[in-house]
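Enquirer:
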Amino acid sequence: MILGNNLRRLRFENGEMSQQDLADLVGVSRMTIYSIEKLKYTPSASLALKIANVFKCPFDKVFFFKTKTIGEDE
Amino acid sequence: MNEMTSRQIKLVIFGGVTLLCFVYVAVAFAIIKNQLVPSLAEPTLLINYLSYGIMIAFVVFGVYCLLMLRDALIQIVQIRSGIIYPSLLVVLTVLGGVAILADITLLSDIGKEYLQFDVAGEWKMLFGIWAFQTVTIIFQIVMSCCHDVAGNKLTEKLQHMSDSLYVSTFQVMLISSILGLISIFTTFFWANRLPELSKYATGLMIVLCILSVLPAAVIICHLIIRNRRRGFNDWFDERQWDNLSKGGMVTVITGVCFLILSIIVSQLASGIDPGYLLLTVLFAEIGVFSAFVLSRNRIDD
C-alpha cells in the first residue's frame, strides 16, 4: 500500500495552480511537490495536512491509500 | 536568444577586454621566455615593461572573476534546477581566479632561478594555467551573454525553498570531489614516475586538494549567507532533509568500505603515503554523498 494523491487534478481545478505556487504556499521546494505527485516521496502528516488546507478539502479527498502496481514508482 | 541588457553588454565588453589582456599575456610570455636566458644577467627594459603589462592583465582578470563569481552565485538561485552551467561557472571562476596566485609564484620562481636552473618546466606550467584561464574567460563571456542577473543581490535571503541552490550546492561539491581525486591520483603517478621530484609530491598534493575544495567552500558559504535568517531546520524542506539523511547513511556505509580498502592497500603496498589514502577516502566520501543526493533529485520526465 502506498499513499496516492489527487494533487495534479486538484491543482488544475484550483485555477491551474502550478507546482511552484503550491510549493510556495506550503513552504517546500517545487521538486518536493513533483516528487509527491509522482509518488516518489511520501509527505509527513504535517505537510499532507498543509496541502489539504490549501485546497480546502478533507484530507481523504487529497490523499488515499492505493495498492502499488507493477512498474509504478515507489 | 533574448536581446541583451545594457548590463550584459558591459559585462561582455569587460570579458572581451580581459580576453585581449590574456592574448597580450601569451605574447608577453613568449617574448620574455625567448629573451630570459641564463646569459642575460639583468632583465632588459622590454622585459620590465612587459611584466608591468602582465600584472595589469592579472588585476583585470581578478576583478572580472570577482564580478563573474557574484553573477554565477546569483544565477545558481535563478536558473531552473538541474542545469549544471552555473555550477561549472562557479568552479571555473574560483579556480581561474585563484590560479593568478600560481601565475605570480611561477613568474617569481622564473625570475629568481633563470640564471642558474632550467626553468622550462615552470614555463610549461605557466602556459598550461594561461590556457585554463583563457578557457575560463571564454566560458564566462558565453554565460554573460546567456543570462542576466540584473536587480538581484548576492546576499538577498531566500523567500522560498530553493531547488536550484540545493542542487547546485551538491553539483559543485561533486565537481570538487572529482577534481580532488584527479589531483591525488595525478600527484601519486607523477611522484612515482619522477622519483627525484617525489619530495615535493606531498606538498603539491595538499595544495591541489585545497584548490579542489575551494569551490565547495565558496558554495557552502553562499548557502549559509542565503539562509542566514532561517533556523537550521528550515534550510531544507522535509524531502531534502530526508535525502540528506539517506545520503549520510550511504556515505557512512561506503566510508567503512573505503577505510577497509585503504587499510588493505596500505598493508599490500607499504610505500604509499597514508596521506594519499586518507585524502582519497575523504574526496570519495564527498563524491558519494553529493552523487547520492543529486541522484535522488532527478526529474524523470
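In the order they appear, the protein sequences are chains A and B. The opening position of the first sequence corresponds to residue 41 in our numbering, with each subsequent residue numbered one higher. The opening position of the second sequence corresponds to residue 11 in our numbering, with each subsequent residue numbered one higher. Quick reminder that beta carbons are idealized off the backbone N, C-alpha and C, glycines included.
Is the beta carbon of Gln4/B less than 8 Å from the beta carbon of Leu99/B?
Expert: As shown, chain B starts at 11 and ends at 311. That puts residue 4/B outside it, with no answer to give.
Enquirer: What is the DSSP secondary structure of Glu114/A, counted as helix, strand or coil?
Expert: Below a pLDDT of 50, predicted positions are generally treated as unreliable, and Glu114/A, at 46, falls in that range; the measurement from the model is reported next regardless. Of the three classes helix, strand and coil, the one that applies to Glu114/A here is coil, per DSSP.
Enquirer: Report yes or no: is there a C-beta of chain B within less than 8 Å of the C-beta of Arg49/A?
Expert: Chain B contact via Cβ: absent.
Enquirer: Please compile the residues from chain B whose C-beta is within a distance smaller than 8 Å of the C-beta of Ala88/A.
Expert: Ordered by position in chain B, no residue passes the 8 Å Cβ test against Ala88/A, which lies about 11 Å from the chain.
Enquirer: Quick check on Ile73/A: does DSSP put it in helix, strand or coil?
Expert: If DSSP states are grouped into helix, strand and coil, Ile73/A belongs with the helices.
Enquirer: Quick one: give me the first and last residue of the alpha helix (DSSP H) that Lys90/A is part of.
Expert: Unbroken alpha helix (DSSP H) run through Lys90/A: Ala85 to Val94.
Enquirer: Within the chosen definition, does the segment 101–110 of chain A reach the segment 38–56 of chain B through at least 3 CB pairs nearer than 8 Å?
Expert: No: the two stretches stay apart, fewer than three of their Cβ pairs being nearer than 8 Å.
Enquirer: According to DSSP, simplified to helix, strand and coil, what is Asn45/A?
Expert: It is a strand residue.
Enquirer: Kindly indicate if chain A contains any beta-carbon less than 8 Å away from that of Gln88/B.
Expert: No, because no Cβ of chain A sits closer than 8 Å to the Cβ of Gln88/B.
Enquirer: With contact counted as at least three CB pairs below 8 Å, one residue from each stretch, are the segment 34–48 of chain B and the segment 79–98 of chain A in contact?
Expert: Contact fails: fewer than three Cβ-Cβ distances are below 8 Å.
Enquirer: So Thr72/A contacts chain B; which residues on that side make the cut at Cβ distance below 7 Å?
Expert: Neighbours of Thr72/A on chain B, chain order: Asp247 and Arg249.
Enquirer: Using only the alpha-carbon positions, how far apart do Gly26/B and Glu53/A sit?
Expert: About 51 Å.
Enquirer: For Val68/A, return the contacting residues in chain B, with the cut-off set at a CB-CB distance below 8 Å.
Expert: Neighbours of Val68/A on chain B, chain order: Met171, Asp247, Glu248 and Arg249.
Enquirer: Determine the DSSP secondary structure at Tyr59/B, reduced to helix, strand or coil.
Expert: Three-state DSSP puts Tyr59/B in a helix.
Enquirer: Leaving aside the five residues before and after Phe103/A along the sequence, list all residues of the same chain whose C-beta is less than 6 Å from its C-beta, in chain order.
Expert: Closer than 6 Å at Cβ, skipping near neighbours: Leu43, Asn45 and Ala88.
Enquirer: Can you find a C-beta in chain A that's less than 8 Å from the C-beta of Asn307/B?
Expert: Closer than 8 Å to some Cβ of chain A, the Cβ of Asn307/B qualifies, so yes.
Enquirer: Secondary structure at Lys101/A, three-state DSSP: helix, strand or coil?
Expert: Three-state DSSP puts Lys101/A in a helix.
Enquirer: Is the shortest distance between the beta-carbon of Ala85/A and the beta-carbons of chain B less than 8 Å?
Expert: No, Ala85/A lies away from the interface with chain B (no Cβ there is under 8 Å from its Cβ).
Enquirer: Run through the DSSP bridge pairs and tell me what Lys106/A is partnered with.
Expert: DSSP output for Lys106/A lists Ile42/A as bridge partner(s).
Enquirer: What residue ranges within the segment 226–288 of chain B form continuous alpha helix (DSSP H) runs of no fewer than 4 residues, ordered along the chain?
Expert: Here the runs fully enclosed are 248–278.
Enquirer: Within its chain, find whatever has a CB closer than 8 Å to the CB of Gln59/A; leave out the 5 residues flanking it on each side and keep chain order.
Expert: Only Arg51, Arg70, Ile73, Tyr74 and Glu77 meet the Cβ criterion.
Enquirer: If we count Cβ pairs, one from each stretch, closer than 8 Å, do we get three or more for the segment 176–184 of chain B versus the segment 300–307 of chain B?
Expert: Flag = yes, the segment 176–184 of chain B and the segment 300–307 of chain B touch.
Enquirer: For Gln277/B versus Cys155/B, is the C-beta distance shorter than 8 Å?
Expert: No, these two residues do not count as a Cβ contact at 8 Å.
Enquirer: Should Ile274/B be labelled buried (16 or more other beta-carbon atoms within 10 Å of its own) or exposed?
Expert: So Ile274/B ends up on the exposed side.
Enquirer: Give the secondary structure of Ala82/B by DSSP, where H, G and I count as helix, E and B as strand, and everything else as coil.
Expert: Note: Ala82/B maps to helix in three-state DSSP.
Enquirer: Hey, does Ser58/A have any beta-carbon neighbour from chain B nearer than 8 Å?
Expert: Closer than 8 Å: no.
Enquirer: Does the Cβ of Trp251/B have 16 or more other Cβ atoms within 10 Å, making it buried, or fewer, making it exposed?
Expert: The residue in question, Trp251/B, is exposed, as its Cβ has fewer than 16 Cβ neighbours within 10 Å.
Enquirer: Under the criterion of a Cβ to heavy atom distance below 7 Å, does Ser255/B qualify as lining the ligand ADP?
Expert: This structure lacks the ligand ADP, and indeed carries no ligand of any kind.
Enquirer: Does Tyr124/B pass the burial test, meaning 16 or more other C-beta atoms within 10 Å, or should it be called exposed?
Expert: Classification of Tyr124/B: buried, given that the 10 Å Cβ count is 16 or more.
Enquirer: Using only CA atoms, which one of Phe246/B, Ala141/B and Asn58/B lies nearest to Gly121/B?
Expert: Nearest option by C-alpha distance: Asn58/B.
Enquirer: Sorted by chain position, which residues of the same chain lie with C-beta nearer than 6 Å to Leu327/B's C-beta, five sequence neighbours on each side aside?
Expert: Examination of residue 327/B is not possible in this model, given that chain B is present from 11 through 311 alone.
Enquirer: Once the 5 residues before and after Ile147/B are set aside, which same chain residues still bring their CB inside 8 Å of it?
Expert: Taken in chain order, the residues that qualify are Gly25, Thr28, Leu29, Phe32, Phe71, Tyr74 and Gly106.
Enquirer: Given this structure, state the Cα-to-Cα distance separating Val94/A from Arg49/A, to the nearest angstrom.
Expert: Taking the straight line from one Cα to the other gives about 14 Å.
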